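Protein chains in written order, with the numbering used here: chain A, 9 to 294; chain B, 9 to 294; chain C, 9 to 294; chain D, 9 to 294. Beta carbons: idealized from backbone N, C-alpha and C, even for Gly. Since the structure is predicted, the reported quantities are computational estimates derived from the model, not experimental observations.
Number of protein chains: 4
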Amino acid sequence: MSTQELATLLVSCPDKKGLVAALAQLLYGHGCNIIDAGQHSDPDAAQFFQRIRFDMKDLHADRLTLERGIEDVAQRFSMTWQLSYENRRKRVAIFVSKYDHCLYDLLLRHRANELVCDMAMVVSNHEDLRIVAEQFAVPFHVFNMTKDNKREQEEKQWELLDQYGIDLIVMARYMQILSAAFTTRYPNRIINIHHSFLPAFTGGKPYHRAYERGVKLIGATAHYATSELDEGPIIEQDVIRTSHRDSVHDLVRKGRDLEKVALARAVKWHVEDRILVHANKTVVFD
Amino acid sequence: MSTQELATLLVSCPDKKGLVAALAQLLYGHGCNIIDAGQHSDPDAAQFFQRIRFDMKDLHADRLTLERGIEDVAQRFSMTWQLSYENRRKRVAIFVSKYDHCLYDLLLRHRANELVCDMAMVVSNHEDLRIVAEQFAVPFHVFNMTKDNKREQEEKQWELLDQYGIDLIVMARYMQILSAAFTTRYPNRIINIHHSFLPAFTGGKPYHRAYERGVKLIGATAHYATSELDEGPIIEQDVIRTSHRDSVHDLVRKGRDLEKVALARAVKWHVEDRILVHANKTVVFD
Amino acid sequence: MSTQELATLLVSCPDKKGLVAALAQLLYGHGCNIIDAGQHSDPDAAQFFQRIRFDMKDLHADRLTLERGIEDVAQRFSMTWQLSYENRRKRVAIFVSKYDHCLYDLLLRHRANELVCDMAMVVSNHEDLRIVAEQFAVPFHVFNMTKDNKREQEEKQWELLDQYGIDLIVMARYMQILSAAFTTRYPNRIINIHHSFLPAFTGGKPYHRAYERGVKLIGATAHYATSELDEGPIIEQDVIRTSHRDSVHDLVRKGRDLEKVALARAVKWHVEDRILVHANKTVVFD
Amino acid sequence: MSTQELATLLVSCPDKKGLVAALAQLLYGHGCNIIDAGQHSDPDAAQFFQRIRFDMKDLHADRLTLERGIEDVAQRFSMTWQLSYENRRKRVAIFVSKYDHCLYDLLLRHRANELVCDMAMVVSNHEDLRIVAEQFAVPFHVFNMTKDNKREQEEKQWELLDQYGIDLIVMARYMQILSAAFTTRYPNRIINIHHSFLPAFTGGKPYHRAYERGVKLIGATAHYATSELDEGPIIEQDVIRTSHRDSVHDLVRKGRDLEKVALARAVKWHVEDRILVHANKTVVFD
């Protein structure tokens, strides 16, 4: 395997005959070997989505030539596309506040090679979790947030993120609401996790309300953050059974486990270029 | 087993020391052998719930004496209680419209002895499912419903239900909204099933909206019907995974499977006297 | 949608560069529009698998020409391939004995259009389920099986299956062991369902043994039947939680639910041409 | 809540009339208030099991008197019983080798108060995980194991375990087989975790064999260790879906997640006195 040079191409465009052939032909023509491909046509949106993972160790020319070739096809079919080279790992910033369960989970999975990316930094509005970041040798940056300094602190965060070439922001229970300017700046590049219930409860203290309502399931949803709170494209959801024996404390505990696994899966799929977004909806090639 | 004479006692009351001993002592004193018991104390509501299943084949006196004994203890502890004798099966009316999946599921489970009750009748606002009821030799009654005759038709339904001593009404995808007078007449004796989503979608065409939102899970909730639509005490919930590959049609199909199993479990628990309700919340001794 | 003419191509061959391009180009060249495609490369077996679903309403020539074109590509890449036209439904024979849960489940799903195939016949070694088949207007054939007549009865079954052009045999709790000659005659065309446990129990009365062992989960496995009993390629598996409160009777009841859903999914995937088999292992494009 | 003094009584005995009343009466007579009680009768084994959680803040006499009272009832009914006081936390030793996922998971859950016990020590046959134990301020003891020193090293381990009053040993992926003398010394006090498959694979490299067989589910089983390897009473099991897209590496990764959650639940139930064992089978009052 070590001799492979893998890359992943994600494309999205209006559905049209000949698309698959054009892309497959292009890659073949450049000496690439398709390892894995997933494809989806949304009949309602008349939209086509494809993920192609290929080996370029026998690439005839150089990467620039390949990219130019893809761009030619892309223009012909009005495609948006994104090409990721495996040897250029995505750089991730984890945003946290005081809860440590998602942070530990992500850092441990990263160390176990489940998440193939660079954990470039942990960003927080509190000092509390510095010790965790340091145990994993990840730089830790604190931005103290008040009612009045949000705009300027966010701008400093952007500067830092840009400076370190961050590709993905993971809100691992970061208890601050990002401004619309923030989410707009990183479209489909911020992943958030929040609890979910059937039925949904709006307003505060949702676990208390779920407890009062006697729900038999609680859930968690990982999604891309948009300017509309918790309304961005859903990446992953999971649930766990609950019963009358569960106290509010038990619901919160079970919720933590859900948050960890749903967030970890969403991050894994993102860094492996498995997610395409169209019209507030994801296509996940898992 | 055939020589057992089983009964089930359900009690609910403010929590108080000595409760468990008093009930256990009472049953022992009458010659009853406790086979199975579940108990729950809700610390917030300071409420006590218990389900006791016992064998009365060695009952010292008669049933009336036993019931009088229970009533004595009940008054001492401000209990509400309900005693069911296994040889007096609950009588069930299934309400349906045109969808047959829940109806078939219930009738087949009944025939397989999974639901130990009498399927006394099927009630519908349409003729369509008469053939199904007849295949299982269950009487089928049609009440044609219009905008104008609802009140009078419901009254005729009550008359029928009373005449046949119906204990439980199961709304197996009955596409009529029961009046508040109806639900009030049968408190915690009407079970309904409906789809559930994370997040929840209010308004019409929920499967279309779930599809547009790209949810990764869909669910179903079985609950007791109250005058507030779909807001009654939840008995059971279940979910199934969905993906971008699922069309609206697929979501509806998966939803049918969920509706069947969640409804069947709720009915099973009810006819086995496993459910207690307090403050719009169920305690289920499963 | 009604104006589409859909077909599904399944191919399997040693992995080789240019495969995807060649097939996509071929279909495009004949005027076909790829609707959906799944592909998998097994790196250990160095084997390539693809399922292509396409619309041929604008086919330039006729079906024969298309098939000849596919055969050309197939020979170049040592492919085995199979092309199914949607307007030629697969013909299914359901084999049963006395248990009716899987039979009802399949017939109801068929009627609800979840299983798009022809339910051509029900075959049994007992008369018991004739009434079920008749309710769904499916021909019912009885072959009385004894120790001595197995070979000759199976031969009569083959004759019947051939006469009616049966594509798939579903063993819906058929309590007879098919001879090796039978399974060899219909490779990857017989689907069986059986219970599964962790740990596995060999020998008789597995539910009793699972009960004695106090398992916390029971499962069911749907697989293609081969001459080695229960050792054929696995198509689908599912499990359900159990507890100390479950009697053997409860385990059997829960097992029935598992058998129904696992078998129904396997049949659905087969009739939708979603399954490829290689080296006793399935690739399922779900 | 802080003013409660909770205790948990676990009893097991041949089933007999009057049992429940006798225990309830006894506790009531001593001024104890039953908070929660679970009970189970195994009809085949004719065995009775009960877990009673009660508040003794209004205890009339002292603990010794209470215990003597329980012993009286116990002798009358041939009970085995165990009484745990909540303010005397169970002392746990975690045994590990080189894998860190279960160790981290247990230590993090302990820190988050999900596991209410004392993490008294980590024992290992390697130095590798010392750094993890130290991050959580848990003493770390290494016992180098060779073919020849097993007996003497185990004896030293027993000495250490006794010295620190260890109540529970958790084998969190400890890659040594305990001797029969070891498991016999701590009956139902050693919890082990191992992978499980449907069907089961005996012998080495089970993940490779599961991969070759194309299983659609993998599982994990937490159980009490006995002298018969992996055959002790099952406490908890869980599974996760797999597919043809999963490599052996993916199966191992998914297996790690299962091992963590199944082991954590088993440990939680043990330290909360929720588990009773009878005839190689557990009753879990969850």
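Asked	Found
Is D50(D) closer than 8 Å to K98(D) when the C-beta atoms are compared?	no
Would the stretch 19 to 31 of chain A count as touching the stretch 45 to 60 of chain A if we require 3 or more Cβ pairs under 8 Å?	yes
Check whether chain A comes within 8 Å of V170(C), counting only Cβ atoms and requiring the distance to be less than that.	The residue asked about is misnamed: residue 170(C) is Asp in this sequence, not Val. Not closer than 8 Å to any Cβ of chain A, the Cβ of D170(C) fails to qualify, so no.
Please go through the same chain and pick out, in chain order, the residues whose beta-carbon is closer than 8 Å to the beta-carbon of Q161(A), but skip the five residues on each side of it.	F151, N152, M153
Am I right that V104(C) and V130(C) are in contact with their C-beta atoms under 8 Å? What's the rounded C-beta distance?	6 Å
For the stretch 206 to 216 of chain A and the stretch 163 to 179 of chain A, state whether three or more C-beta atom pairs, one from each stretch, are separated by less than 8 Å.	no
Which one of I139(C), H68(C), H286(C), E79(C) has the shortest CA to CA distance from D108(C)?	I139(C)
Using a 10 Å radius around the Cβ and a threshold of 16 neighbouring Cβ atoms, would you call S2(A) buried or exposed?	The structure shown has nothing for residue 2(A), since chain A only spans 9 to 294.
Closer than 8 Å, CB to CB, is D258(B) near chain D or not?	no
Keeping to the same chain, check which residues put their C-beta closer than 7 Å to that of D113(A); ignore five residues upstream and five downstream.	K268, A272
Confirm, please, whether the CB-CB distance from I198(C) to A228(C) is below 8 Å.	no
Looking at the strands, I want to know which residues DSSP matches up with E236(B).	Beta-bridge pairing links E236(B) to no other residue.
At a Cβ cut of 9 Å, what residues of the stretch 35 to 54 of chain C count as close to chain F, listed as they run along the chain?	This model lacks chain F altogether; the protein chains it does include are A, B, C and D.
For a minimum of 4 consecutive residues, which ranges assigned as the alpha helix (DSSP H) are wholly contained in the stretch 88 to 160 of chain D?	109 to 119, 138 to 143
Strictly under 8 Å for the Cβ-Cβ distance: is T290(C) near chain D by that measure?	yes
What separation, rounded to the nearest whole angstrom, lies between the Cα atoms of M9(B) and D63(B)?	With a pLDDT of 44 at M9(B), under the threshold of 50, the predicted position of this residue should be treated as unreliable, and no value is reported.
Does the distance from the CB of T290(C) to the CB of I243(C) come in under 8 Å?	yes
Taking DSSP as the reference, what is the three-state secondary structure of P207(A)?	coil
I'd like to know whether the C-beta of A208(D) is nearer than 8 Å to at least one C-beta of chain C.	yes
Which same chain residues end up closer than 7 Å to H48(B) when comparing Cβ atoms and leaving out the 5 residues on each side of it in sequence?	F57, V291
Take the Cβ of D265(C) as the centre, count every other Cβ of all protein chains shown within 10 Å, and call the residue buried at 16 or more, exposed below.	buried
Any heavy atom of the ligand MG inside 7 Å of the beta-carbon of V150(A)?	As far as ligands go, the structure on display features none, and thus does not contain the ligand MG.
Between A29(B) and chain D, is the shortest Cβ-Cβ distance under 8 Å, so that the two count as touching?	yes
May I ask you to list, following chain order, the residues of the stretch 239 to 258 of chain A that have a beta carbon less than 8 Å from some beta carbon of chain B?	P241, I242, I243, E244, Q245, D246, V247, S251, H252, R253, S255
Only counting the same chain, and skipping five residues up and downstream in sequence, which positions put a Cβ closer than 6 Å to that of D44(D)?	R61
Could you tell me the boundaries of the beta strand (DSSP E) in which A15(D) lies?	14 to 22
Consider the Cβ of S10(A): report whether some Cβ of chain C lies at a distance smaller than 8 Å.	Confidence in S10(A) is poor, its pLDDT being 49 and thus under 50, which makes the residue's placement too unreliable to answer from.
DSSP has S49(C) in a bridge; who is on the other side?	F56(C)
Tell me the rounded alpha-carbon separation between Y194(B) and V260(B).	30 Å
Taking 7 Å as the limit between beta carbons, can you name the residues of its chain near D294(C), skipping five residues before and five after?	W277, R282
Is Q58(D) close to chain A, meaning its C-beta is less than 8 Å from at least one C-beta of that chain?	no
With 16 other CB atoms within 10 Å as the buried threshold, where does V124(B) fall?	exposed
How should I185(D) be labelled, buried or exposed, when 16 other C-beta atoms within 10 angstroms of its C-beta is the threshold for buried?	exposed
Could you spell out where the alpha helix (DSSP H) holding T73(C) opens and where it closes?	71 to 85
Which runs of the alpha helix (DSSP H) fall wholly inside the stretch 247 to 293 of chain C and span at least 4 residues, in chain order?	256 to 279
Please report the straight-line C-alpha distance between E280(D) and L34(B), rounded to a whole angstrom.	31 Å
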